[in-house]
Amino acid sequence: MPSIQEVWAGQLREIPTTFRNALLLDDDRAMRHRPAVGEWSAIEVLGHMIDKMQNWSRRSERVLTEERPVLLAFDQDATVRDHDYQHADAEALLEQLSQSCEHFAAIVEHIPESALERQGIHSDVGPITLRYCIEAPIQSAGGHLEQLRAAQSAA
29 MPSIQEVWAG QLREIPTTFR NALLLDDDRA MRHRPAVGEW SAIEVLGHMI DKMQNWSRRS
89 ERVLTEERPV LLAFDQDATV RDHDYQHADA EALLEQLSQS CEHFAAIVEH IPESALERQG
149 IHSDVGPITL RYCIEAPIQS AGGHLEQLRA AQSAA
């Protein structure tokens with residue numbers, strides 16, 4: 029029976045394929061269509077997933093190696109804007125997502141179970157565990173996948 033860390037690592041590794049399969053790569057207009065003012069296009073959702081995987085990976089590493097580190101919140105809208113994902117190459121973003129998820133998975137699968145309750149202090153929500161740092165981005169992937177699909181279908 030696989031450990032919970034192996035299960036999580038597998039789930040992280042599935043994310044890029046799931047997003048690739050949902051993205052309408054042959055319809056650039058649909059990928060870049062913003063459904064409404066202030067809403068992200070599908071390609072921006074993809075970029076956000078890269079940011080999310082990288083951010084939670086860094087947080088996980090810090091909680092694993094530091095004593096109760098302060099984990100700063102990040103402005104996801106500003107991050108998406110700053111990277112200008114709206115004009116990015118979809119294949120390049122998919123490769124970045126794959127690399128980010130693989131890096132995170134490689135960390136997760138080697139975390140000892142005894143470390144899962146280690147804590148960091150999130151600047152917005154207070155104490156969070158290493159377990160939370162892993163589960164939160166995995167659990168959010170489904171909602172972001174639906175957001176990506178909805179943005180494309182609104183085109």
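For reference, each letter of the sequence shown is one residue, going 29 to 183 in my numbering.
In this text, a Cβ means the ideal position worked out from N, Cα and C, and glycines have one as well.
C-alpha of Thr46 to C-alpha of Glu174: approximately 11 angstroms in a straight line. The beta carbon of Phe132 sits closer than 6 angstroms to those of Leu40, Met81 and Ser85, all from its chain and outside the five residues before and after it, given in chain order.
Nearest Cα to Tyr113 within the set Glu94, Asp79 and Phe102: Asp79. Within the same chain, Phe102 come within 7 angstroms of Asn83 by CB-CB distance, once the 5 residues on both sides are set aside. With a contact defined as Cβ atoms closer than 8 angstroms, Leu99 and Gly148 qualify at about 5 angstroms. Pro140 and Glu123 have their C-alpha atoms roughly 28 angstroms apart.
Contact between Leu176 and Leu74 holds: their C-beta atoms lie close to 7 angstroms from each other, under 8 angstroms. Taken atom to atom, the span from the alpha-carbon of Gln180 to that of Ala118 is near 14 angstroms. Taken in chain order, the whole alpha helix (DSSP H) runs of length 4 or more contained in the stretch 142-182 are 158-181. Taking Arg159 as the centre and dropping the five residues before and after it, the same chain places the C-beta of Leu144 closer than 6 angstroms to its C-beta, in chain order. Secondary-structure assignment with DSSP links Val65 through no beta bridge to anything. Within the model, the alpha-carbon separation for Ile71 versus Asp110 is close to 14 angstroms. Considered as a whole, the stretch 79-135 harbours 104-111 as its complete alpha helix (DSSP H) runs of no fewer than 4 residues, in chain order. Under the three-state reduction of DSSP output, Glu137 falls in the coil class, being neither helix nor strand.
Under the three-state reduction of DSSP, Met77 is assigned to helix.
Distance between Ser31 and Ala169, taken at the CA atoms: about 21 angstroms.
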